[in-house]
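First residue of the sequence shown? That's 1030 in my numbering, and the numbers climb one at a time after it. Cβ atoms here follow ideal geometry from the backbone N, Cα and C, with glycine treated the same way. Single-structure report; data block below.
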Amino acid sequence: MDASLQGIKMVLLDLDGTIHLGGVPIPGALEFIQRCRVNNIATIFLSNNSSCSVKQYVEKLHGMGINAREEDVLLSTHDCIRWLQQRGWMKIHCFGTEGMRSMMEDAGFECTNDVVDCVVVGYHNELVYSELQQVAELLHNGVPLVATHPDIVCPSPTGGLPDVGSILAMFEAATGITPTIITGKPRPEMILDRLKEEEIDPSNVAMIGDRIYTDIAMARAANVQSILVLSGEATRGDLENSTIQPTLIVDSVDVLLR
């Protein structure tokens, strides 16, 4: 596969660092999405960022000039919800934003501070210290820990911001507890169910993202094509000692499908 994307029927598009930075579209990103649609390539917006609900993501995409529907958005929160439902853990302590909490509650979870099945940690950019204390106390009492995704930083125009991976490191330092599971990318399950529903062979799908250890690792695990963009977190230097290598490396989505 090359930048022409010949044979590709669907692209899984990471958002932060791939399509936008800090809510501002990366140059050429909107035009690339339009080229996908002209060429009948389905676009699914895929993000580990669990701070927003699907509705909020759709509004955010519309605000950037991207026409998207709720079914076009796939989040780490979806993967987390599916795993928790399979486990039967429906009573949770939700360490996350109101957007994340609303998605959990809409899926039938009870978000409470009382007796819970587990603590669910998401990207919480609205947190106050008392919430950190609540989680630490629950972990000290043996409550299992679940995380929506492993990202260490969230890209921004001014540099990386502490994300779930950083928060998990803090909780481990304070309590010695590590997660029972970390959902979201790079778990291949996050996308394989969707591809099965769409009846699309993984070989006809390209995952486009800016992180080697989530975007590219998931693509490899799911046997889909992988395109690393250098518009976000990863650099060419990061690939030198990495066992995870993408199918294609480009500066940004702007060079694709031309």
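Taking the Cβ atom as the reference point for each residue, do residue i and residue j lie within a distance shorter than 8 angstroms?
i	j	result
Val1175	Cys1081	no
Ala1032	Leu1277	yes
Val1149	His1122	yes
Leu1041	Leu1075	yes
Asp1239	Phe1061	no
Ile1241	Leu1257	yes
Met1132	Val1083	yes
Lys1038	Asn1233	yes
Arg1064	Leu1286	yes
Phe1200	Leu1168	yes
Ile1229	Pro1275	no
Based on Cα-Cα distance, which residue from the options lies nearest to residue i?
i	options	result
Ser1105	Glu1099, Ser1033, His1178	His1178
Asp1043	Lys1225, Leu1286, Met1030, Tyr1086	Tyr1086
Gly1205	Ser1033, Gly1238, Ala1165, Phe1124	Ala1165
Leu1034	His1049, Leu1268, Ser1195, Asn1069	Asn1069
Ile1073	Glu1227, Ala1263, Ile1245	Glu1227
Ile1273	Asp1280, Val1282, Ser1281, Ala1263	Ala1263
Gly1151	Arg1130, Glu1201, Arg1111, Asn1142	Arg1130
Asn1078	Ile1181, Glu1201, Glu1060	Ile1181
Asn1142	Leu1197, Gly1092, Met1132, Leu1161	Leu1161
Gln1254	Pro1208, Ile1237, Gly1128	Ile1237
Met1093	Ala1058, Val1083, His1107	Ala1058
Thr1212	Gly1194, Leu1257, Asp1101	Gly1194
Ser1159	Thr1209, Arg1098, Gly1125	Gly1125
Gly1046	Arg1287, Asp1280, Ala1246	Asp1280
Trp1118	Leu1197, Thr1209, Glu1099	Thr1209
Asp1146	Arg1223, Ile1245, Ala1097, Lys1120	Lys1120
Val1144	Gln1163, Glu1127, Glu1134	Gln1163
Arg1223	Pro1056, Glu1100, Leu1190	Glu1100
Ile1095	Ala1198, Leu1197, Arg1066	Arg1066
Gly1288	Glu1155, Ala1071, Ala1203	Residue coverage of the chain in this structure runs from 1030 to 1287, which leaves residue 1288 outside it and unanswerable.
When DSSP builds the beta bridges, which residues end up paired with residue i?
i	result
Pro1191	Val1182
Ile1256	Ile1237, Leu1277
His1049	Asp1045, Pro1054
Phe994	Here the chain comprises residues numbered 1030 to 1287, so residue 994 is not present and cannot be evaluated.
Thr1072	Val1040
Leu1103	Leu1075
So with Cβ pairs under 8 angstroms, would you call residue i a contact of chain C?
i	result
Glu1228	Absence of chain C from the displayed structure is noted, only one protein chain being present.
> Would you call the stretch 1127-1138 and the stretch 1167-1174 touching, i.e. three or more CB-CB distances under 8 angstroms?
Replying inline: no
>> Report the start-end ranges of each beta strand (DSSP E) in the stretch 1128-1156 that is 3 residues or longer and not cut off at the edges.
In response: 1147-1150
> Using 8 angstroms as the threshold, is the stretch 1210-1217 in touch with the stretch 1241-1261, meaning 3 or more CB pairs across them?
Replying inline: yes
> Looking at C-beta atoms only, is the number of pairs between the stretch 1178-1187 and the stretch 1046-1054 that lie closer than 8 angstroms three or more?
Replying inline: Counting Cβ pairs under 8 angstroms, three or more are found: they touch.
> What are the complete alpha helix (DSSP H) segments, minimum 4 residues, inside the stretch 1192-1238?
Replying inline: 1193-1204, 1218-1227
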